[in-house]
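Residue numbers (the working numbering), protein chains in the order written: chain A, 1 to 373; chain B, 1 to 373.
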């Protein structure tokens, strides 16, 4: 790899790139092709940026900031019109073709073997024949999502929804319209485009959308500048905030503390901005309280009955090799998981995975045995 | 100060004491008498331990650990009988006589001028004439508590409740019985002793006590070994957990994240251990949810109406000098506060204090102006 050429493409000095190597910039030599990845944002290069040994660079997808108070955030961030897309609840993937092979990169810039197999299956080959430089940014969602399994989308397994397009060796994205045209052209799924509104009347429309999405258990919206010159912002439904809390409190000792508090704070801002009645507020408080209390009770009760506190997920693969590689991928991501024997199914395999949540498991065990905190 | 003598009394090597100086052991030269204080627990010396230049040492009061699952904690921590005292909700003070002067030490080992004046007023002089070595460990509670003002105790101002006794230059405490006998002898208030039970039937009794205390807005209990050979443990009511959350979410950006999560987790364990009905659980969830949502909404709404987010408290002093000194004491404790003009009242002064919660104030202001998070 020619470091000078890489530094030029990244737009940083070669000495700076050298300094970052092994601290922020990490080598990943598996699976092929080998790459350097930015573990954090540094020198203006987004976290998750991957530099392949072929010289190709896939830039990290920028973090989307969140509105807590929607009306002033819209007014402050957008000028004329705002496009509203559904924010889907899964995990972020960037798919590109490197040296003729499709690879799916995680947010952190690792190649994920499972997502790569799914992307190869779902994306027509001609995409990268026509557009060898395309980077497809999308959300992997569905019940066979091993991180955030969700039954709320029209798939039995795992599906890919395009939410943005980019190009190798280029920062920035191509914007809402090109993204949806691209999806149409190649017959692939894209996140629903729910409307485009004048900024001054967008608030009412979006609140309406959020309430409807919430009722269906959906996460929320991403608001984008149709001209693609301003950065997008996101906003979520109460139901999604509460569902997040529900999962997190089930594994209360394995989550970062700010995960809990941030979601509670979102509920407070939404309730205040929506100027809710006493009754609506009581309903929201009950929903919030239950999303905290019930999973905690369930975890304690399960432990009292001698159950292990674990998280069960599943994946579906065409090749057994993919499952073996995904097992290694989870391990290197710091996730402890036990893979069951693959069960042949259609033309592939179903693999049930037990993710260990050791900290919650051990803490709960100690506490029900009378340990103090 | 003879460091060798101090080290001997602390039971650590003089070189170790030297090493700790200026890192863990800090000098405090105001107000008189001057002292060294242990900022953290180190070499087996409790945090808050104060070494006066007279040579007297007041050891820190040991942290009391908390039961999350009461029945097994009782079984595991006590052997024969358990004494149950009310845990009062205020702030911890240790009162001693140093060189003939009464001083009230905070948990951290600072002399608090306000608490010192209150202690001088409430504690009969003959205590330290009879027992010059006594260290009175107690809780300062009431509506004129400038940290945790509470209207639930029978005082209009600030009252001192003894919860343990110790002696200068001695580790350890004298136990439940000596403490209450001492309070009786000198006619001072002590935390209520609610009963002494056989360990194997204590659980039902304590749950009953906790429910009754909760209904009155009281915090909970401290369980002690009547023989004073085992360390005490504490357990709190749901109402107290929720009241804590209520205050904390009002100032959501000025509290440590674990404050929120720990209280939610306590609710989960209590509900599971009490084997609550669906209806009881719904009530608890609503109480929990409201204690999070409503203070957040109130903070946002107040900010939207242009109010500053501050915390108003008040103190009552006999001497104006005490108020001036307390102002300095708050400042050195890292609390930003504005003191109003003293209002003469009875034979003293009422002083209203506005405590600034800058982080919550600024964050909320930014968010209602459309800042993203």
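Where a beta carbon is used, it is the ideal one built from N, C-alpha and C, also for glycine.
(message) Taking 8 Å as the limit between beta carbons, can you name the residues of its chain near residue 53 of chain B, skipping five residues before and five after?
(response) Answer for residue 53 of chain B: 1, 33, 34 and 35, listed in chain order.
(message) Is it the case that the segment 72-90 of chain B contacts the segment 36-45 of chain B, given that we only count it when at least three CB pairs across the two stretches are under 8 Å?
(response) no
(request) May I ask you to verify whether the segment 300-316 of chain A touches the segment 285-292 of chain A, counting CB pairs closer than 8 Å and requiring at least 3? (result) With a cut-off of 8 Å, the segment 285-292 of chain A and the segment 300-316 of chain A do not count as touching, because too few Cβ pairs lie within range.
(request) Indicate the three-state DSSP secondary structure (helix, strand or coil) for residue 69 of chain B in the structure shown. (result) In this structure, residue 69 of chain B counts as coil in the three-state DSSP scheme.
(request) Taking the CB atoms as reference points, tell me whether residue 297 of chain A and residue 268 of chain B lie closer together than 9 Å. (result) yes
(request) Decide if the segment 251-264 of chain B is in contact with the segment 253-269 of chain A; the criterion is three or more beta carbon pairs, one per stretch, under 8 Å apart. (result) Three or more Cβ pairs drawn from the segment 251-264 of chain B and the segment 253-269 of chain A lie within less than 8 Å of each other, which places the two stretches in contact.
(request) Using a Cβ-Cβ cut-off of 9 Å, state whether residue 162 of chain A counts as contacting chain B. (result) no
(request) Could you check what DSSP says for residue 139 of chain A in three-state terms: helix, strand or coil? (result) strand
(message) Out of A:318, A:349, A:347 and A:313, which one is the CA nearest neighbour of residue 336 of chain A?
(response) A:313
(request) Determine the contact status of residue 162 of chain A and residue 176 of chain A, defining contact as a CB-CB distance below 9 Å. (result) no
(message) Could you give the first and the last residue of the continuous alpha helix (DSSP H) run that contains residue 171 of chain A?
(response) From DSSP, residue 171 of chain A is part of no alpha helix (DSSP H); its letter is neither H nor E.
(message) Tell me which residues share the same chain as residue 357 of chain B and place their Cβ nearer than 7 Å to its Cβ, disregarding the 5 neighbours each side in the sequence.
(response) Excluding positions up to five away in sequence, the list reads 251, 254, 309, 310 and 311.
(request) Just tell me which of B:119, B:154, B:78 and B:321 has its CA closest to the CA of residue 97 of chain B. (result) Checked all of B:119, B:154, B:78 and B:321; the closest Cα to residue 97 of chain B is B:119.
(message) Using 8 Å for Cβ pairs, my map puts residue 352 of chain A next to residue 340 of chain A. What's the rounded Cβ distance?
(response) 4 Å
(request) If I'm right that residue 10 of chain A touches residue 286 of chain B with Cβ under 8 Å, what's the distance once you round it to whole angstroms? (result) Incorrect: roughly 53 Å between the Cβ atoms, too far for contact.
(message) Give me the residue from A:370, A:208, A:273 and A:111 with the minimum Cα distance to residue 378 of chain A.
(response) No answer is possible for residue 378 of chain A: the residues shown for chain A start at 1 and end at 373.
(request) Go ahead and pull the three-state DSSP assignment for residue 158 of chain B. (result) In the structure shown, residue 158 of chain B sits in coil (DSSP, three-state: anything other than H, G, I, E or B).
(request) Name, in chain order, the residues that DSSP records as bridge partners for residue 349 of chain A. (result) A:317 and A:344
(message) So if DSSP puts residue 104 of chain B in a beta bridge, which residue, or which two residues, is it bridged to?
(response) Per the DSSP secondary-structure output, residue 104 of chain B pairs in a beta bridge with B:95.
(message) If I follow the unbroken beta strand (DSSP E) through residue 50 of chain B, where does it start and stop?
(response) Taken as a continuous stretch (DSSP letters only), the beta strand (DSSP E) holding residue 50 of chain B covers 50-52.
(request) Indicate the three-state DSSP secondary structure (helix, strand or coil) for residue 38 of chain A in the structure shown. (result) strand
(request) Consider the C-beta atom of residue 230 of chain B and the heavy atoms of the ligand NAP; say whether any pair is separated by less than 8 Å. (result) Judged by which ligands are present, the structure shown has none, so any question about the ligand NAP falls away.
(request) Identify whether residue 203 of chain B lies in helix, strand or coil by the three-state DSSP scheme. (result) helix
(request) Run the CB neighbour count on residue 23 of chain A, radius 10 Å, all protein chains shown included, and call it buried at 16 or more, exposed below. (result) exposed
(request) Return the CA-CA distance between residue 145 of chain B and residue 157 of chain B, expressed in angstroms with no decimal places. (result) Cα to Cα, the separation comes out at about 8 Å.
(request) Please report how far the alpha carbon of residue 143 of chain B lies from the alpha carbon of residue 155 of chain B, in whole angstroms. (result) 8 Å
(request) Confirm, please, whether the CB-CB distance from residue 220 of chain A to residue 247 of chain A is below 9 Å. (result) For the pair residue 247 of chain A and residue 220 of chain A, the CB atoms are not nearer than the 9 Å cut-off.
(request) Taking residue 73 of chain B as the query, report the chain A residues whose CB atoms sit under 8 Å from its CB, ordered along the chain. (result) 370, 371 and 372
(message) Taking only three categories from DSSP, how would you classify residue 339 of chain B?
(response) strand
(message) Cβ closer than 7 Å: which chain B residues qualify as neighbours of residue 69 of chain A?
(response) 367, 368 and 370
(message) Given a cut-off of 9 Å on the beta-carbon distance, is the pair residue 166 of chain B and residue 135 of chain B in contact?
(response) yes
(request) Report the option in A:368, A:215, A:224 and A:300 whose CA atom is closest to the CA atom of residue 198 of chain A. (result) A:224
(message) Between B:42, B:69, B:320 and B:101, which has its C-alpha nearest residue 60 of chain B's C-alpha?
(response) Checked all of B:42, B:69, B:320 and B:101; the closest Cα to residue 60 of chain B is B:42.
(request) Within 10 angstroms of the Cβ of residue 273 of chain A, are there 16 or more other Cβ atoms? Answer buried if so, exposed if not. (result) buried
(request) For the segment 183-193 of chain B and the segment 120-140 of chain B, state whether three or more C-beta atom pairs, one from each stretch, are separated by less than 8 Å. (result) yes
(request) Could you please give me the residues that DSSP links to residue 197 of chain A through a beta bridge? (result) Residue 197 of chain A pairs with A:82.
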